[in-house]
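Presented below is the structure to which this report refers.
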Amino acid sequence: MQAIVVDHLTRRFENIVAVNDVSFQVGVGEIFGYLGPNGAGKTTTIRILTGITLPTSGNAYIFDYDIQKESIRARRCMGIVPETSNIYDDLSAWKNMMFSGELYGVRLPDRMERAKELLATFDLMERKDDRVRVYSKGMKRRLTIAMGLINNPKLLFLDEPTSGLDVQSNLIIRQVIRDLHERGVTVFLTTHNIEEANVMCERVAIINRGVIAAIDAPEKLKATIQSVQSIEIGFDHPEPGMMEALQKIALVNEVRKEGDKVRLFTSHPSDVLPLVIDYLQTHHIRPLSVNTHGPSLEDVFIRLTGLEETSRASSERGGS
Amino acid sequence: MSYSPEYLASDVKGAWAIAKKDLEIYYVKPNIYISGILFPLFMLLAFAVGRAAPLVSLVPGLIAITALFSASSIEPVSVPIERRTRTFDRLLSAPVSMFSIVLGESISGFMFSGSICFLLFIPGVILYQPALISIAILVLGIILSCFAFASFGTVFAAYPTENVGEVMSLLNLIRLPLIFISGVFIPLESMPLWGQTVAIISPLTYASDILRFGFEGTTHFGPWTDLLMLVVFAIIFQVLGNFLYRKFNI
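As given, the protein sequences belong to chains A and B, one line each in that order.
With the working numbering applied, the first sequence closes on residue 320, and no number is skipped along the way.
With the working numbering applied, the second sequence closes on residue 1250, and no number is skipped along the way.
Quick look at the structure:
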């Protein structure tokens, strides 16, 4: 049995195809990342999988329950944390938890025990009787996740869980996701934070313009684009004309200035590095740091979503 | 999706949870109650000034109008707000059916309206001193009227917008004319034939008629027809609400 089976799912909104013939599976206990630029179809996919939106065609199953025909049974298995912290500002954290538990049919003694446990985990217990209206963004986010866990779900949908949060909230949320994984809970995570997906997810799907561009383990995806390995050099005093000179080094595909560092993209870093060192020594330039990088998941994301072309076209327009 | 009876218990519990939440957030507030009580008093003044009829004769119509306006006013405000804050998605994604959501939204309006109507009902009973059987019919009539009108408000709240004004203008477009076509302050017998025909399709007609029967002993359709029609309207609005929420919100 799979936790999620998505079978040729399509959703149209008048002339727009938000999700186009998408198929994938998520195993039980897996942390699955769902990445894509804004408007790629991530939220529409989640809304279909959680039964809020109906697909135009195709099917989706949650633990073998058809989300259209057996949506209530399917929803009983899941917890949902949407991108917007959809909590009731006029209720206290405690009442929000109680309402969520009641809606999911959790018995009162279990509801109370679970609420205490979750509010303590998310460091909200001391403020449990305050109206949520006065909570910070991070506290609201933590409460939203706690509400999503009140029914002890087997599957948790997390839509941008750490977006724009403070360090404390980020740390708590990531630790909770790790704990859930250890307990065998399946996590479906959408995020803009590609490094977060890289660190946390066992597999990721990259969706672009409603179509799945790739699905695999992060390391396997990175291995598909070895051409974007890079050498990063930090300088004390960059020389004038240095960027142009570095660009002319053989096998260097692109040179990009990133803050106080310069990054040289190449598919052969071991060949390029001696040439770079040679150039620096000849020109008496002392580097502060030299690092080589393999392709990141962000590189994969940029390559597959076409953001590279968008960025290049934009810089060309800016330069002309 | 076909409805399975195994969901009934969880749906009823879900509806009650939604109703309690709505009552706490939107209804049980001093300003809402004050406006709920002041509204019928203003209506009383509006219809009493310049009329030769005794003030007490306006009580049945007044309670009927209060039931209509108090039961149907809050959901068309709260649902668009919940759409904007995305809390409505929390209901849509919960393991309860649409029946449960619509029922829960209606129960909160019903309870609020019922409490306001009974505040008016008490002086009505003191003034008219109806028989015990009439009091029982009046209580039943008020309960059914409040639930039918709360369901009516929930139907309008299904309109897919986050803008409260859009729903309220649509609601008032229907709700205000009902006062004049339902025999509330003008007896049905005094209305032209076309007016009497139109009155048949208004739930307010039956609410007003059953209250007039309970307080004054006069009726146009008979008490059982009134009660039956209020039940029919409540069912129609619940079913229509289910259909519209499915159509517009999923």
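Glycine is no exception: its CB is placed at the ideal position from the N, C-alpha and C atoms.
Helix, strand or coil at residue i according to DSSP, with G and I counted as helix
i: I1025(B); result: helix
i: T266(A); result: strand
i: K154(A); result: coil
i: S1202(B); result: coil
i: Y1245(B); result: helix
i: Y104(A); result: coil
i: N193(A); result: coil
i: D286(A); result: It should be pointed out that residue 286(A) corresponds to Arg in this sequence rather than to Asp. Coil.
i: F122(A); result: coil
i: K220(A); result: helix
i: L297(A); result: helix
i: A1131(B); result: coil
i: V1184(B); result: coil
i: G318(A); result: The predicted position of G318(A) is uncertain, since its pLDDT is 47 and thus under 50; a value taken from the coordinates is nonetheless stated next. Here G318(A) sits in helix by DSSP.
Whether residue i touches residue j by CB criterion (8 Å)
i: P1192(B); j: F1233(B); result: no
i: T282(A); j: I231(A); result: no
i: L54(A); j: A93(A); result: no
i: G1214(B); j: L1119(B); result: no
i: I173(A); j: R133(A); result: no
i: S1097(B); j: I215(A); result: no
i: R1086(B); j: N86(A); result: yes
i: P1076(B); j: F1156(B); result: yes
i: W103(A); j: A1009(B); result: For the record, residue 103(A) in the displayed sequence is Leu; it is not Trp. Taking 8 Å as the Cβ cut-off, L103(A) and A1009(B) do not qualify as a contacting pair.
i: A1148(B); j: L1230(B); result: yes
i: S1115(B); j: A1071(B); result: no
Contacting residues, own chain, Cβ-Cβ under 6 Å from residue i (five flanking each side not counted)
i: D1209(B); result: T1219, H1220, F1221, D1226
i: Y393(A); result: Because chain A spans 1 through 320 in this model, residue 393(A) falls outside it and cannot be assessed.
i: L189(A); result: G33, L158
i: S320(A); result: Note on S320(A): pLDDT 36, under 50, position unreliable in the model; the coordinate value appears next. Correct list: empty, nothing qualifies.
i: E14(A); result: none
i: T305(A); result: P37, N208
i: F1237(B); result: S1151, F1152, V1155
Residue i: contacting residues in chain C (beta-carbon distance under 7 Å)
i: S1093(B); result: Protein chains in the displayed structure are A and B, and chain C is not among them.
Contacting residues, own chain, Cβ-Cβ under 7 Å from residue i (five flanking each side not counted)
i: P295(A); result: K222, I225, Q226, V228, Q229
i: N20(A); result: T10, G210, V211
i: F1047(B); result: L1058, F1185
i: A1015(B); result: S1100, L1103, G1104, I1107
i: N170(A); result: T162
i: M98(A); result: R111, A115
8 Å CB neighbourhood of residue i in its chain, flanking five on each side removed
i: V1184(B); result: G1061, A1064, I1065, L1204, S1208
i: D7(A); result: S23, G58, N59, A60, Y61
i: G318(A); result: For G318(A), the predicted structure reports a pLDDT of 47, less than 50, and the residue's modelled location is therefore unreliable. The matter cannot be settled from this model.
Where the beta strand (DSSP E) through residue i begins and ends
i: K257(A); result: 252 to 258
i: T186(A); result: 186 to 190
i: L1178(B); result: Not the beta strand (DSSP E): L1178(B) falls in the alpha helix (DSSP H), residues 1164 to 1181.
i: I62(A); result: 57 to 62
i: R131(A); result: Element bounds for R131(A): n/a, residue is neither H nor E.
i: L91(A); result: From DSSP, L91(A) is part of no beta strand (DSSP E); its letter is neither H nor E.
i: Q247(A); result: Run containing Q247(A): none in the beta strand (DSSP E); it sits in the alpha helix (DSSP H), 242 to 247.
i: I1063(B); result: Element bounds for I1063(B): not the beta strand (DSSP E) but the alpha helix (DSSP H), 1059 to 1073.
i: H8(A); result: 2 to 13
Nearest-angstrom Cα separation, counted from residue j out to residue i
i: F1099(B); j: G1109(B); result: 16 Å
i: L273(A); j: F122(A); result: 47 Å
i: V1125(B); j: E1189(B); result: 25 Å
i: Q25(A); j: K154(A); result: 16 Å
i: A74(A); j: M242(A); result: 60 Å
i: L246(A); j: D260(A); result: 16 Å
i: M1043(B); j: L1176(B); result: 12 Å
i: L35(A); j: E298(A); result: 10 Å
i: M1040(B); j: R131(A); result: Per the sequence presented here, residue 1040(B) reads as Pro, with Met not at that position. Taking the straight line joining both Cα atoms gives about 33 Å.
i: T162(A); j: V1239(B); result: 40 Å
i: I1122(B); j: G51(A); result: 46 Å
i: L1173(B); j: E1162(B); result: 19 Å
i: E1166(B); j: A1131(B); result: 44 Å
i: L1228(B); j: A40(A); result: 52 Å
i: V290(A); j: E70(A); result: 57 Å
i: I1143(B); j: A1017(B); result: 20 Å
i: I194(A); j: L1171(B); result: 47 Å
i: E1082(B); j: P1223(B); result: 39 Å
First and last residue of the uninterrupted alpha helix (DSSP H) at residue i
i: D1089(B); result: 1087 to 1092
i: L49(A); result: 42 to 49
i: Q168(A); result: 167 to 182
i: I145(A); result: 137 to 148
i: S230(A); result: It is not in any alpha helix (DSSP H) - S230(A) instead sits in the beta strand (DSSP E) that spans 229 to 235.
i: M1043(B); result: 1030 to 1048
i: A74(A); result: 71 to 76
Cβ-heavy atom distance, residue i to the ligand MG, below 7 Å
i: V1231(B); result: Absence of the ligand MG is noted for the structure shown, with no ligands found whatsoever.
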